[in-house]
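In terms of our numbering, the first sequence opens at residue 1 and continues consecutively. Backbone N, C-alpha and C define an ideal beta-carbon position, used for all residues, glycine too. Below is one structure; the comments refer to it alone.
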Amino acid sequence: MLDPKFVRENMDAVKAALEKRAAGIDLSVFRALEDQRLVLLRESEDLRNKRNVVSTEIGRLKREKQDADGLMKEMKGVADRIGEIDEILKGIEDKTRLFMLNVPNIPNAAVPVGKDETCNLEVRKWGTPRAFDFEPLNHWDIAEPLGIIDFETGAKIAGARFTLMKGAGARFERALMNFMLDLNTSKGYTEVFPPLLVNRESMTGTGQLPKFEMDLFRVMDPELYLIPTAEVPVTNIHRGEILREDQLPICYTAYTPCFRREAGSYGKDVRGLIRQHQFNKVELVKFCRPEDSENELEKLTADAEDILQKLGLPYRVVLLCTGDMGFSSAMTYDIEVWLPGQQLYREISSCSNFGDFQARRADIRFKREGKKGTEFVHTLNGSALAIGRTLVAVLENYQMQDGSVIVPDVLQKYMGCDIVK
RNA sequence: GGAGAGGUGGCCGAGCCGGUCGAAGGCAGCCGCCUGCUAAGCGGUUAUAGGGGUAACACCUUAUCCAGGGUUCGAAUCCCUGCCUCUCCGCCA
1 MLDPKFVREN MDAVKAALEK RAAGIDLSVF RALEDQRLVL LRESEDLRNK RNVVSTEIGR
61 LKREKQDADG LMKEMKGVAD RIGEIDEILK GIEDKTRLFM LNVPNIPNAA VPVGKDETCN
121 LEVRKWGTPR AFDFEPLNHW DIAEPLGIID FETGAKIAGA RFTLMKGAGA RFERALMNFM
181 LDLNTSKGYT EVFPPLLVNR ESMTGTGQLP KFEMDLFRVM DPELYLIPTA EVPVTNIHRG
241 EILREDQLPI CYTAYTPCFR REAGSYGKDV RGLIRQHQFN KVELVKFCRP EDSENELEKL
301 TADAEDILQK LGLPYRVVLL CTGDMGFSSA MTYDIEVWLP GQQLYREISS CSNFGDFQAR
361 RADIRFKREG KKGTEFVHTL NGSALAIGRT LVAVLENYQM QDGSVIVPDV LQKYMGCDIV
421 K
């Protein structure tokens, strides 16, 4: 959420920034609501002040056994008027909040302006795609003959976009998870394992709600949501807290399954592991001071890249343009891994700096040493990495002509073997 | 699921027969004084958010004693609902 006060006082700048995102937000609605709100707020506060003063006086009179009926009658009228104003005020505040919750974040100045992914900027490339002396296969054509991924049985158990991993396939998931967590924690990230179901407040805190309800799986009675990413529970660890400056930056890494409806993606990536309703992911989440977040995004992205480098998987890093960025993000790098079976780079990680956007929604603040008041922290997160897609990349990049798959060096101790056949 | 207890400021903890309570006291923290070996002693001070105000402070004001409703001229204090925590019993991975 943007700062209402900031928006009020910087209308033109905010308007220009939002136009870059083509968000179609009409700030004049906000302005009108704010104008009304401030007038009513002042009236309400003046009346409350009067009530407080007179009520104290009534108390004094009563103690001295004097008559206060007149004042009490008068105050009854004041109380009624306060009630009326507050009701109107509440309506306006609800409208303002709803409006603000649906306004996306302002993009960082470094973000290229553009309407869709064609305007994204390739920042760097790492690794050289392997030269095959045979036609490389898609991961599903590798995995099914090996018997390590069973799409049909997954569909039988739960439906389309669910998969059963078996044998080395299941072991791969566990190996990748452990490899990533070990590497991340060695860099100072604290490992956490959070709840996989969260309440409405948490989903609102990170920005999934209210706008993206259709992307989420929901459980009724009690009303809970399955997390679409560890970002949600992990960022909400500090919801409503005031942190000390010397605690920052706080860095977490978490493995969790992720659940997504994938509404509106009918017909996209219907085969294979790329787009599933349930997938495993290891996530990085940071809380830091505002002046550190740009640098922390670079470090976080580098930490995610390091995993691909250690796995020997070629990739490129793309800076998303204004039109392709997520709702809550101020700046996002996507890391795309090379998939020889499909001859393209495919998103495997998304690393974002949210500025104070999530912190404001989730009320996560910090106090500077020796300074009055509090400030919102900046939050960041990124996948390190999406495990299913990493497995896809390993299978496709390390496939052999005979249908076997070489296990990357760093995974061998986790897999307990050096080849899957 | 059944029966109780409770949620107060950074922490501990009073208040809870409604008014003088943003809230005693203690601890921790900060400033100053005294003493000057560690320690102790004395005085003062220390919440967050919104609105107004200022060049910036100061300052004024509103709200906040888990959350949301209600009663009342007035609620931390009374009533209702929800959430959470703890203890005991039952059940269970």
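Specify, as a first and last residue, the run of the beta strand (DSSP E) that Arg316 falls within. In the first sequence, the residue the question calls residue 316 occupies position 316. Note, Arg316: beta strand (DSSP E), Tyr315 to Leu319.
With 16 as the cutoff for other CB atoms within 10 Å, does Phe134 come out buried or exposed? In the first sequence, the residue the question calls residue 134 occupies position 134. The residue is exposed, with fewer than 16 neighbouring Cβ atoms inside 10 Å.
So within the segment 23-106, which uninterrupted alpha helix (DSSP H) runs reach at least 4 residues, ignoring any that extend past its ends? 27-63 and 69-101
Between which two residues does the beta strand (DSSP E) harbouring Thr256 extend? Here residue 256 refers to the residue found at position 256 when the first sequence is read from its first residue. First-last of the beta strand (DSSP E) with Thr256: Ile250 to Phe259.
Compute the Euclidean distance between the alpha carbons of Gln401 and Leu176, then round it to the nearest angstrom. Reading the first sequence from its first residue, position 401 is the one you call residue 401. Reading the first sequence from its first residue, position 176 is the one you call residue 176. Answer to the nearest angstrom: the Cα atoms are 24 angstroms apart.
Just the C-alpha distance for Cys258 and Arg51, rounded to the nearest angstrom, thanks. Walking along the first sequence from the start, residue 258 turns up at place 258. Walking along the first sequence from the start, residue 51 turns up at place 51. Taking the straight line joining both Cα atoms gives about 53 angstroms.
When the Cα of Ala384 is compared with those of Ile364, Glu231, Gly207 and Arg8, which residue comes out closest? As a position in the first sequence, residue 384 is number 384, starting the count at 1. For the residues Ile364, Glu231, Gly207 and Arg8, the minimum Cα distance to Ala384 belongs to Glu231.
Counting Cβ pairs, one atom from each stretch, are 3 or more of them under 8 angstroms apart for the segment 171-187 and the segment 304-318? yes
What first and last residue would you give for the beta strand (DSSP E) that runs through Phe287? Residue mapping note: residue 287 aligns to position 287 of the first sequence, counting from 1. Segment Gln278 to Cys288, the beta strand (DSSP E) holding Phe287.
Under 8 angstroms between the Cβ atoms of Ile92 and Arg37? What you label residue 92 is simply residue 92 of the first sequence in a count that begins at 1. What you label residue 37 is simply residue 37 of the first sequence in a count that begins at 1. In contact: Ile92 and Arg37 (Cβ atoms closer than 8 angstroms).
Secondary structure at Met214, three-state DSSP: helix, strand or coil? Locating residue 214 in the first sequence gives position 214, where the first residue counts as 1. Note: Met214 maps to helix in three-state DSSP.
Examine the Cβ distances between the segment 335-343 and the segment 207-224 and report whether three or more of them are shorter than 8 angstroms. no
Helix, strand or coil for Ile237, going by three-state DSSP, please let me know. Locating residue 237 in the first sequence gives position 237, counting from the first residue. Helix.
C-beta contact flag for Pro195 and Thr204 at 8 angstroms: Here residue 195 refers to the residue found at position 195 of the first sequence. Here residue 204 refers to the residue found at position 204 of the first sequence. Their beta carbons are not under 8 angstroms apart, which means Pro195 does not touch Thr204 by this criterion.
CB contact flag (Ile25, Val103, <8 angstroms): The residue you call residue 25 lines up with position 25 of the first sequence. The residue you call residue 103 lines up with position 103 of the first sequence. Contact: yes.
In the DSSP assignment, find the unbroken alpha helix (DSSP H) run with Asp3 in it and report its ends. By 1-based counting over the first sequence, the position of residue 3 is 3. Careful: Asp3 lies outside any alpha helix (DSSP H) and carries neither H nor E.
As assigned by DSSP and simplified to three states, the class of Asp133: Mapped onto the first sequence, residue 133 falls at position 133. Of the three classes helix, strand and coil, the one that applies to Asp133 here is coil, per DSSP.
Verify whether the separation of the beta carbon atoms of Ala330 and Asn178 is less than 8 angstroms. The residue labelled residue 330 in the question sits at position 330 within the first sequence. The residue labelled residue 178 in the question sits at position 178 within the first sequence. Contact: no.
Would you check if the distance between the CB atom of Ile364 and the CB atom of Glu173 is smaller than 8 angstroms? The residue you call residue 364 lines up with position 364 of the first sequence. The residue you call residue 173 lines up with position 173 of the first sequence. Taking 8 angstroms as the Cβ cut-off, Ile364 and Glu173 do not qualify as a contacting pair.
Using the beta-carbon count (16 or more within 10 Å), is Asp409 buried or exposed? Here residue 409 refers to the residue found at position 409 when the first sequence is read from its first residue. Answer is exposed; the Cβ neighbour count stays below 16.
Put Cys119 into one of helix, strand or coil per three-state DSSP. Your numbering for residue 119 matches position 119 in the first sequence. DSSP places Cys119 in helix when its eight states are reduced to three.
Which one or two residues does DSSP pair with Tyr225 in a beta bridge? One-based indexing of the first sequence puts residue 225 at position 225. Bridge partners of Tyr225: Val198 and Arg218.
On the three-state DSSP scale, how would you describe Ala386? Reading the first sequence from its first residue, position 386 is the one you call residue 386. Looking at Ala386 - three-state DSSP - the assignment turns out to be strand.
From what residue to what residue does the alpha helix (DSSP H) around Tyr345 run? The count along the first sequence starts at 1 and reaches residue 345 at position 345. No alpha helix (DSSP H) contains Tyr345, which is instead part of the beta strand (DSSP E) from Leu344 to Asn353.
Within the same chain, show all residues whose beta-carbon is closer than 6 angstroms to that of Ile406, passing over the 5 residues directly before and after it, in chain order. By one-based count along the first sequence, residue 406 stands at place 406. Same-chain partners within the cutoff: Tyr398 and Ile419.
Does DSSP classify Lys367 as helix, strand or coil? Here the question's residue 367 lines up with position 367 in the first sequence. Three-state DSSP puts Lys367 in a strand.
What does DSSP give as the partner residue(s) for Asp334 in the beta ladder? Position 334 of the first sequence, counted from the first residue, corresponds to residue 334. Val318 and Ser350.
Hey, could you find the ends of the alpha helix (DSSP H) Ala174 is sitting in? Taking the first residue of the first sequence as 1, we reach residue 174 at position 174. Position check: residue 174 holds Arg in this sequence, whereas Ala was assumed. Looking at the DSSP string, the run of the alpha helix (DSSP H) that includes Arg174 is Ala168 to Ser186.
Among Arg361, Ala23, Ala68 and Ala79, the one whose alpha carbon lies nearest that of Leu47: Here residue 47 corresponds to residue number 47 of the first sequence, with the count starting at 1. It is Ala79 whose Cα lies nearest to the Cα of Leu47.
If Val192 sits next to Tyr266, beta carbons under 8 angstroms apart, how far is it from one beta carbon to the other, in whole angstroms? As a working note, residue 192 is residue 192 in the first sequence. As a working note, residue 266 is residue 266 in the first sequence. Incorrect: roughly 35 angstroms between the Cβ atoms, too far for contact.
I'd like to know if the segment 60-79 and the segment 9-20 are in contact, where contact means that at least 3 CB-CB pairs between them fall below 8 angstroms. no
Should Leu344 go down as buried or exposed, given a rule of 16 or more other Cβ atoms within 10 Å for buried? Residue numbering aside, residue 344 sits at position 344 when the first sequence is read from its first letter. Label assigned to Leu344: exposed.
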